[in-house]
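> So that we are looking at the same thing, I have put the structure below in structure tokens.
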């Protein structure tokens with residue numbers, strides 16, 4: 001099985017989502033020793049945001065692309081190919097200003113491709129990636145699950161992944177991280193307990 005591990009936090013070694021996503025991957029490897037892991041750090045190696053240049057590059061025949069267009073097309077193709085090749089994903093999704101990191105949004109814009117990960121039919125849109133499993137590591141300074149402030153974070157990810165046909169989605173949460181040491185410690189301990197005790201119990 002091929003597992004794609006995505007980090008998007010800008011906090012480096014101080015990131016709760018990075019710590020927890022790494023623990024999820026290690027637990028997955030322990031549960032399935034043959035798993036093949038690939039890794040993308042979207043903060044350290046950011047993908048350019050979706051732009052007119054992206055569309056122009058996609059619409060220009062390969063032999064006519066200039067250097068900038070070739071780079072855009074290559075980034076899109078490589079990002080999409082890596083996503084399509086993955087059987088499962090671990091996505092670290094810290095909340096910034098009530099939504100996901102812009103780096104993660106840029107990645108989503110490169111993998112949400114009509115005809116590749118979804119398509120439009122007479123009956124409406126159809127996701128083409130229903131065979132994938134996703135574990136989202138959701139971190140936040142406040143408490144937003146079920147609130148209007150969480151709609152552009154976890155709810156957005158569920159809608160976007162679902163649009164591509166992915167419904168096997170599980171969340172590992174550590175929220176309230178800015179509420180003081182006691183709340184932060186409990187949130188992290190609860191998330192770690194979920195990873196070690198519950199997440200791969202069936203495996």
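Residue numbers (full-length UniProt numbering): 1 to 203.
For each residue, glycine too, the CB sits at the ideal point set by N, CA and C.
Roughly how many whole angstroms lie between the Cα atoms of residue 167 and residue 130?
So the two alpha carbons sit approximately 7 Å from each other.
> Checking 8 Å against the spacing of the C-beta atoms, do residue 7 and residue 42 come in under that value?
Their beta carbons are under 8 Å apart, which means residue 7 touches residue 42 by this criterion.
> Taking Cβ to Cβ, would you say residue 106 is nearer than 8 Å to residue 47?
Yes, these two residues count as a Cβ contact at 8 Å.
> Contact defined as beta carbons within less than 8 Å: I believe residue 154 pairs with residue 138. What is the distance between those atoms, to the nearest angstrom?
Contact holds; Cβ gap of about 6 Å.
> Return the chain-ordered list of same chain residues with a C-beta closer than 7 Å to the C-beta of residue 203, the five sequence neighbours on each side being excluded.
At residue 203, the pLDDT of 45 sits below 50, so the modelled position is not reliable; the number obtained from the coordinates is stated separately. Excluding positions up to five away in sequence, the list reads 31 and 32.
> Look at the alpha carbon of residue 192 and the alpha carbon of residue 23, and state the distance between them as a whole number of angstroms.
When rounded, the distance between both Cα atoms is 8 Å.
> DSSP puts residue 5 in a beta bridge; with which residues?
According to DSSP, residue 5 bridges with 39 and 90.
> Would you mind sorting residue 44 into buried or exposed? The rule is 16 or more other CB atoms within 10 Å of its CB.
Counting Cβ neighbours within 10 Å, residue 44 comes out exposed, since fewer than 16 surround it.
> Using 8 Å as the threshold, is the C-beta distance between residue 5 and residue 37 below it?
Cβ atoms of residue 5 and residue 37: closer than 8 Å.
> Check residue 135 in the structure and name its three-state DSSP category.
Here residue 135 sits in strand by DSSP.
> According to DSSP, is residue 113 part of a helix, a strand, or is it coil?
Looking at residue 113 - three-state DSSP - the assignment turns out to be coil, as it is neither helix nor strand.
> Does residue 110 pass the burial test, meaning 16 or more other C-beta atoms within 10 Å, or should it be called exposed?
Per the 10 Å Cβ criterion, buried.
> Quick one, are the C-beta atoms of residue 92 and residue 132 less than 8 Å apart?
Contact: no.
> Roughly how far, in whole angstroms, is the beta-carbon of residue 3 from the beta-carbon of residue 145, given that I think they are within contact range, below 8 Å?
No, residue 3 and residue 145 are not in contact; Cβ-Cβ is about 25 Å, not under 8 Å.
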